[in-house]
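In my numbering, the protein residues as written are 1425 to 1597. Even for Gly, the Cβ is constructed at its ideal location relative to N, Cα and C. First the structure, in the form of structure tokens, and then the observations on it.
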């Protein structure tokens, strides 16, 4: 059979291109064979208390997987099955592990971080969008949250962000 590639695990990148500081993910992309284990790493913005993982299957909007407050995993309801796990050490680096990859795991895996906010308990549903972030994310960003999402896709590069102190999100494509 040779080395037929059955799974693509592609990482999206989230960060602030303008300042050089931001969330970074490693590796940027990963190609693997079915049955192999994959570990994805996310380095959040320094000082950000909350960290989120999303999965975006081809042709779909991003789906919530899990989130952490510091090193405590607060909600893992979006993790599809026991082959997926995530952890965060000392409120910093997070890893998403996929064991025994399957073809259906092919997706863009996104990581985001945010500061603690007084509105966090009211905004949590926004971080678990179905089927897409789009409108809900813009509404959240207009309330002043400070983070930038960068989506890289087939022919599409889109940055959505709201620097502190700005009332409206900035969108760059």
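Buried or exposed (CB count within 10 angstroms, at least 16 for buried), residue 1510: buried
Separation of residue 1469 from residue 1537, as counted between CA atoms: 7 Å
Through-space distance from residue 1512 to residue 1505, alpha-carbon basis: 19 Å
Assigned secondary structure, residue 1479 (DSSP; H/G/I helix, E/B strand, else coil): strand
Nearest-angstrom Cα separation, counted from residue 1516 out to residue 1507: 23 Å
CA nearest to the CA of residue 1520, picked from 1459, 1467, 1458: 1467
Classification of residue 1451 by the beta-carbon crowding that lies within 10 angstroms, buried from 16 upward: exposed
Exposed unless 16 or more other CB atoms sit within 10 angstroms - verdict on residue 1485: exposed
Assigned exposure category for residue 1531 - 16 Cβ within 10 Å defines buried: buried
Beta-carbon contacts of residue 1503 that lie in its chain and below 6 Å, excluding the five residues immediately before and after: 1489, 1490
Alpha carbon of residue 1495 to alpha carbon of residue 1458, nearest angstrom: 30 Å
Rounded C-alpha distance that separates residue 1471 from residue 1540: 9 Å
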